[in-house]
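Visitor:
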Amino acid sequence: MRDTTTLLRRMIEESRRISVFTGAGISTESGIPDFRSPGGVWSRERPIPFDAFLASEAARQETWRRRFALEPILRAARPNRGHAAVAALVATGRTEAVVTQNIDGLHQASGVPDAQVIEVHGNTTWAACLDCGRRHEIADLAAAFAADGRAPRCDRCGGLVKTATIAFGQAMPAAAMARAEATMTAAELCLVVGSSLVVWPAAGLPVAAKQAGAVLVIVNRAPTPLDEMADLVLRGEIGAVLGEAVGVQ
Ligand SMILES: [Zn+2]
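Residue numbering for the sequence shown follows the numbering used here, beginning at 4 and increasing consecutively.
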């Protein structure tokens, strides 16, 4: 592991444009559960698809009940060494933006400016009206839900309110995907951190980077379907590997 980390450190030092693509594995080290993993939340509670959310008050209430149940974990989570290493890369100016599948806001919490985090699956730390787009705060919605048990509605237009995430069956955010592809295909070095690379179309972004000529590095605890395509694969704790490669404690 030490030799490959040294190799990664050299690759980072020698690259002028570095794209970073992150997934659940970087946040599990902050205590955020990986929903998709074996034994994870989704193996016990099947995710509720977007069309069911739109169609049924009961589905909306269940979606919100689960979201509010997660709130203490999300509130307690702090960025870890892996997030700090990514933030340090952004601070060098060589990483234009962090592309993330995560919805927890921890890259922003680690000091990466909002404008430099591209969230291809959205963000669960706030909510929005599906009709007028008005932003709603989770704490306010939780208080109202505790009082009446009804799924939240927009106080401006009466529309359905949902976390600002991309649910199963919901359209990917076109602008974010286009920006993600642009920044990843422009990179010399593409660092894929903590993603199992099984969720499409997001997993297509590192593929596009590699096809555009980037050197592809995958850092993850478990094997991924793109390992064979990668120029370097590092298996281990993300905070430790990335922290050492970037030189961040
Ligand atoms: Zn509204």
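Quick reminder that beta carbons are idealized off the backbone N, C-alpha and C, glycines included. Quick caveat: nothing in here was measured; it's all calculated off a predicted structure.
1. Label residue 169 either buried or exposed according to how many other C-beta atoms from any shown protein chain fall within 10 Å of its C-beta, with 16 as the threshold for buried.
2. To test your reading of the DSSP string, which unbroken alpha helix (DSSP H) runs of 4 or more residues are found completely within the region 104–156?
3. Alpha carbon to alpha carbon, what distance is there between residue 191 and residue 88?
4. Based on DSSP bridge pairs, tell me the residues matched to residue 213.
5. With 16 as the cutoff for other CB atoms within 10 Å, does residue 76 come out buried or exposed?
6. Cβ-heavy atom distance between residue 143 and ligand 1 below 7 Å?
7. With which residues is residue 83 paired in a DSSP beta bridge?
8. With hydrogens ignored, establish whether the beta-carbon of residue 159 is closer than 7 Å to any heavy atom of ligand 1.
9. Taking just the CA atoms, how far does residue 123 sit from residue 207?
10. Can you confirm whether the region 211–223 touches the region 49–61 when touching is taken to mean that 3 or more C-beta pairs between the two stretches lie within less than 8 Å?
11. Hey, which unbroken runs of the alpha helix (DSSP H) at 4 residues or more fall wholly within the region 13–75?
Guide: According to the data block:
1. The count along the sequence shown starts at 1 and reaches residue 169 at position 166. It counts as buried.
2. Complete alpha helix (DSSP H) runs here, min 4: 109–112, 141–151.
3. Indexing the sequence shown from 1 puts residue 88 at position 85. Indexing the sequence shown from 1 puts residue 191 at position 188. Across the structure, residue 88 and residue 191 are spaced so that their CA atoms are roughly 18 Å apart.
4. The residue labelled residue 213 in the question sits at position 210 within the sequence shown. Its beta-bridge partners do not exist; DSSP assigns none.
5. Here the question's residue 76 lines up with position 73 in the sequence shown. Classification for residue 76: exposed.
6. Position 140 of the sequence shown, counting from 1, holds the residue named residue 143. No, Cβ of residue 143 sits at least 7 Å from all heavy atoms of ligand 1.
7. Position 80 of the sequence shown holds residue 83. DSSP lists no partner for residue 83.
8. By one-based count along the sequence shown, residue 159 stands at place 156. Between ligand 1 and residue 159, a heavy atom-to-CB distance of less than 7 Å is present.
9. Walking along the sequence shown from the start, residue 207 turns up at place 204. Walking along the sequence shown from the start, residue 123 turns up at place 120. About 12 Å.
10. No, the region 49–61 is not in contact with the region 211–223.
11. Uninterrupted alpha helix (DSSP H) stretches at least 4 residues long and entirely within the region 13–75 occur at 27–31, 44–47, 53–58, given in chain order.
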